[in-house]
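Q: Got a structure for you, questions after.
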Amino acid sequence: MEWYKASIESTASQLSVDLNKGLASEEAEKRLEQHGRNELQEKEKESLLAKIINQLKDFLVLILIGASIVSAFVGEVTDSIVIIAIVVINAILGIVQEGKAEKALEALKKMSSPTARVIRDGHVTTVPASVLVPGDIILLEAGDIIPADVRLIESYNLKIEEASLTGESVPVEKNAYICFDEDVSIGDRKNMGYMSTTVTYGRGRGIVIGTGSNTEIGKIAIAIEEIKDESTPLQQKLDQLGKWLGSACLFICLLVFIIGVMRGQNILEMFMVAISLAVAAIPEGL
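In my numbering, the protein residues as written are 104 to 389.
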């Protein structure tokens with residue numbers, strides 16, 4: 104639903120709320136069960152051990168670990184240490200990148216307001232922002248962090264800073280009494296207020312139209328999770344190329360070892376030649 108195109112009366116009607124009395128407490132509880140808590144959802148955090156294991160599951164990394172073990176076994180300690188160092192550095196960089204995504208999610212959660220002033224049963228009351236539901240009427244004044252996405256129904260010299268959502272540092276002047284007939288970008292929706300944005304001037308009221316993951320900031324949080332979990336098309340192509348090259352390198356190294364032994368070369372020397380060739384040929388950067 105594109106709420107910025109709806110009038111105040113239409114919004115109230117569709118959300119079945121009295122503009123003066125707000126929701127009844129019983130109705131708010133029912134909607135809370137239906138829509139869930141007004142919180143940004145995030146997946147259970149992985150332990151450090153799980154992150155390390157994920158970094159070491161890559162096909163080429165496993166080959167390098169195997170090469171390191173064999174090198175140490177045959178006395179080439181220096182080569183073994185160098186290979187392990189490469190693997191460790193690669194794992195650390197991967198874990199750091201994952202950590203940046205997690206910190207971005209934590210930053211989004213910290214921008215949320217802990218409480219909200221809401222009209223329920225005809226009275227103004229303060230409730231935890233996490234129990235807000237679609238249809239709640241909230242009061243806004245300078246200094247407030249908007250706790251959910253709202254369709255404004257009153258605005259008195261109201262200005263809202265939306266940098267956390269649009270990147271625009273200049274506060275946007277709001278007007279609850281206008282409607283739009285055409286599609287409008289988030290930054291130009293003057294009759295809307297969004298979760299985690301800040302009221303810098305004036306006062307107003309709004310009907311909650313989206314909570315939790317159904318807010319604009321919630322959609323950003325979901326996108327961050329998907330970026331963290333999914334490989335890009337380029338990464339997928341590089342992984343496929345890496346596996347193909349790794350398999351080809353192992354086959355060639357095995358062939359070199361067999362031919363060398365058949366020609367009477369020392370088995371240990373040929374083994375080390377094959378290992379060195381494998382380590383040099385496999386592109387760890389993939």
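Where a beta carbon is used, it is the ideal one built from N, C-alpha and C, also for glycine.
Note that the structure is predicted; figures quoted are calculated from it, not measured.
#1: Can you find the residues in the same chain that come closer than 8 Å, C-beta to C-beta, to Ala245, ignoring five residues on each side of it along the sequence?
#2: Whole angstroms is fine: what's the gap from Leu167's alpha carbon to Ala377's?
#3: Roughly how many whole angstroms lie between the Cα atoms of Thr269 and Ile323?
#4: Three Cβ pairs or more, each shorter than 8 Å: is that satisfied between the region 233-252 and the region 342-362?
#5: Output the boundary residues of the alpha helix (DSSP H) element that contains Glu136.
#6: Straight-line CA distance for His226 to Ile240?
#7: Check whether the Cβ atoms of Gly125 and Val221 lie closer than 9 Å to each other.
#8: Between Ser215, Pro231, Gly202 and Ile155, which lies nearest to Ala87 when the distance is taken from Cα to Cα?
#9: Identify whether Ser215 lies in helix, strand or coil by the three-state DSSP scheme.
#10: Could you say if the region 291-299 and the region 351-362 meet the contact criterion of at least three C-beta pairs nearer than 8 Å?
#11: Would Gly315 and Gln144 qualify as a contact pair, given that the criterion is a beta-carbon distance under 9 Å?
#12: According to DSSP, what are the bridge partners of Ile258?
#13: Determine the direct distance from the alpha carbon of Asn278 to that of Glu257, and round the result to whole angstroms.
#14: Do Val311 and Val230 have their C-beta atoms within less than 9 Å of each other?
#15: Does Arg306 have its Cβ less than 9 Å from a Cβ in chain B?
#16: Starting from Glu244, trace the beta strand (DSSP E) both ways and give me its first and last residue.
#17: Just to confirm my understanding: we take Ala127, look at its own chain, exclude 5 residues before and 5 after, and list those with CB closer than 8 Å. What are they?
#18: Could you name the residues that DSSP lists as bridge partners for Met373?
#19: So what's Val253 in DSSP terms, helix, strand or just coil?
#20: Which whole-angstrom value is the C-beta distance of Leu242 and Arg134, which I expect to be below 8 Å?
#21: At a threshold of 8 Å, does Gln368 count as lining the ligand HEM (C-beta to nearest heavy atom)?
#22: Roughly how many angstroms lie between the CA atoms of Leu152 and Ala326, to the nearest whole one?
#23: Alpha carbon to alpha carbon, how far is Asn157 from Ala131?
#24: Ser233 and Asn57 - do their beta-carbons sit closer together than 9 Å?
#25: Does the distance from the CB of Ser171 to the CB of Val190 come in under 9 Å?
#26: Mapping DSSP to helix, strand and coil, what is Ile281?
#27: Just to confirm before moving on: does the CB-CB distance between Lys108 and Cys282 stay below 9 Å?
#28: DSSP three-state call for Thr114: helix, strand or coil?
A: So, from the listed chains and residues:
#1: On the sequence shown, position 142 is the one that residue 245 refers to. Contacts found: Val302, Thr303, Tyr304, Gly305 and Arg306.
#2: Locating residue 167 in the sequence shown gives position 64, counting from the first residue. Locating residue 377 in the sequence shown gives position 274, counting from the first residue. Straight-line Cα distance between these residues: approximately 13 Å.
#3: Along the sequence shown, one-based indexing puts residue 269 at 166. Along the sequence shown, one-based indexing puts residue 323 at 220. The alpha-carbon atoms of Thr269 and Ile323 are separated by roughly 11 Å.
#4: no
#5: Here residue 136 is taken as the residue at index 33 of the sequence shown, counted from 1. Start and end: Ser128 to His138.
#6: Locating residue 226 in the sequence shown gives position 123, where the first residue counts as 1. Locating residue 240 in the sequence shown gives position 137, where the first residue counts as 1. Whole-angstrom Cα-Cα distance: 11 Å.
#7: Taking the sequence shown and counting its residues from 1, one reaches residue 125 at position 22. Taking the sequence shown and counting its residues from 1, one reaches residue 221 at position 118. It is a contact, given that the beta carbons lie within the stated cut-off.
#8: Because residue 87 is not part of the residues shown, which for the chain are 104 to 389, the question remains open.
#9: Against the sequence shown, residue 215 aligns to sequence position 112. Reduced to three states, the DSSP call for Ser215 is coil.
#10: no
#11: Reading the sequence shown from its first residue, position 212 is the one you call residue 315. Reading the sequence shown from its first residue, position 41 is the one you call residue 144. Cβ atoms of Gly315 and Gln144: closer than 9 Å.
#12: The count along the sequence shown starts at 1 and reaches residue 258 at position 155. The question names Ile, but residue 258 is Ser in the sequence shown. Looking at the DSSP assignment, Ser258 forms a beta bridge with Gly307.
#13: Here residue 257 refers to the residue found at position 154 when the sequence shown is read from its first residue. Here residue 278 refers to the residue found at position 175 when the sequence shown is read from its first residue. Cα to Cα, Glu257 sits roughly 8 Å from Asn278.
#14: Here the question's residue 311 lines up with position 208 in the sequence shown. Here the question's residue 230 lines up with position 127 in the sequence shown. No, these two residues do not count as a Cβ contact at 9 Å.
#15: Of the protein chains in the structure, only one exists, and it is not chain B.
#16: As a first step, residue 244 must be located in the sequence shown, where it is residue number 141. It spans Ile240 to Glu244 - the beta strand (DSSP E) in which Glu244 sits, taken as one unbroken run.
#17: What you label residue 127 is simply residue 24 of the sequence shown in a count that begins at 1. So the qualifying residues of the chain are Arg223 and Asp224.
#18: As a position in the sequence shown, residue 373 is number 270, starting the count at 1. Met373 is not bridged to any residue.
#19: The residue you call residue 253 lines up with position 150 of the sequence shown. Of the three classes helix, strand and coil, the one that applies to Val253 here is strand, per DSSP.
#20: In the sequence shown, counting from the first residue as 1, residue 242 sits at position 139. In the sequence shown, counting from the first residue as 1, residue 134 sits at position 31. In fact, because the Cβ distance is near 19 Å, the residues do not count as touching under 8 Å.
#21: The ligand HEM is not among the ligands present in this structure, which contains no ligands whatsoever.
#22: If you number the sequence shown from 1, residue 152 lands on position 49. If you number the sequence shown from 1, residue 326 lands on position 223. Approximately 25 Å between the Cα atoms of the pair.
#23: As a working mapping, residue 157 is identified with position 54 in the sequence shown. As a working mapping, residue 131 is identified with position 28 in the sequence shown. The straight-line gap from Cα to Cα measures roughly 43 Å.
#24: Nothing in the structure corresponds to residue 57, since the chain is present only between 104 and 389.
#25: Within the sequence shown, numbered from 1, the residue matching residue 171 stands at position 68. Within the sequence shown, numbered from 1, the residue matching residue 190 stands at position 87. A contact, by the Cβ cut-off of 9 Å.
#26: Position 178 of the sequence shown, counting from 1, holds the residue named residue 281. In this structure, Ile281 counts as coil in the three-state DSSP scheme.
#27: Within the sequence shown, the letter at position 5 stands for residue 108. Within the sequence shown, the letter at position 179 stands for residue 282. Yes; because the gap between Cβ atoms is below 9 Å, this pair is in contact.
#28: Looking up residue 114 in the sequence shown gives position 11. DSSP places Thr114 in helix when its eight states are reduced to three.
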